[in-house]
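So the working numbering is basically just the index in the sequence shown, starting at one, shifted up by 60. Where a beta carbon is used, it is the ideal one built from N, C-alpha and C, also for glycine. Contents: one structure, followed by commentary.
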Amino acid sequence: MIRNIAQDAQGMTSNAFLVTGRPGSRAPAADDGDAGRRVLVDCGANYDAVAAVREQVDDLDAVVFTHTHPDHVGTLPALREAFDVETQGYDTSHDTVDEQLGDREMVQIGTATFETLHTPGHKNDHLCLFDRDSGTLFAGDLVFADGAFGRTDLKQGDRETLIDSIERLREWVAGDLDAIHTGHGRSIETTPEESLELSARAAQTRM
61 MIRNIAQDAQ
71 GMTSNAFLVT
81 GRPGSRAPAA
91 DDGDAGRRVL
101 VDCGANYDAV
111 AAVREQVDDL
121 DAVVFTHTHP
131 DHVGTLPALR
141 EAFDVETQGY
151 DTSHDTVDEQ
161 LGDREMVQIG
171 TATFETLHTP
181 GHKNDHLCLF
191 DRDSGTLFAG
201 DLVFADGAFG
211 RTDLKQGDRE
221 TLIDSIERLR
231 EWVAGDLDAI
241 HTGHGRSIET
251 TPEESLELSA
261 RAAQTRM
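Okay, structure coming up:
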């Protein structure tokens, strides 16, 4: 199950997806009550993440970051204090990341095993996470709904690199994609591959 615990936050924040059990409708069935590894994919900023987590589960095992912009990592100090969580992401030189996840590595989220894809362009340490069994993709700030794509005017942003990352992502998930959960805005659960194509076209034309 995937819940965006930051969806009602009033301050500037990324989405923060709490994943327990099976992450998608295509995933193999698991025993009722098997939460697996209780993980937040990004933790957001400027809201009470500890209370939001505790509304859903009694403990948290880890936070996995798509990237380390402040709006994606801001609530981590409170989560560390409350749950003593480990964190995983691409760049361990950043003080929010305990354990590195490199390109094409595996990480357990809920009861599923997600593979990472290094997708710079918005930020150098950006990762996407994909579970082929359920067709579930966490895209961070690489792409968004309605053909939108990540900013490249921030530090470490680069439009050509972003375009290349989107194309690599499209090839990686082709034929297996059921849902895209993005770093901001709504998730894409209808024709997600068409949405990826729109983002790719938009990034190439809005130069």
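Assignment of beta-bridge partners to N64 by DSSP yields F77.
The beta carbons of H127 and G200 sit closer together than 8 Å. Rounded to the nearest angstrom, the gap between the Cα atoms of S194 and I240 is 11 Å. Separation of A105 and E231 (C-alpha to C-alpha, rounded to the nearest whole angstrom) is 32 Å. Bounds of the alpha helix (DSSP H) holding E254 are 252 to 265.
For the pair L136 and M72, the Cα-to-Cα distance works out to about 15 Å. Leaving aside the five residues that flank A69 on each side, the residues in its chain whose CB is nearer than 8 Å to its CB run, in chain order, G104, N106, Y107. For H178, the enclosing beta strand (DSSP E) has its first and last residue at 172 to 178. Counting every other CB atom within 10 Å of its CB across the protein chains shown gives A112 a total of 16 or more, marking it as buried. DSSP places D191 in the strand class (E or B) of the three-state scheme. In this structure, DSSP gives A208 a state outside helix and strand, which the three-state scheme calls coil.
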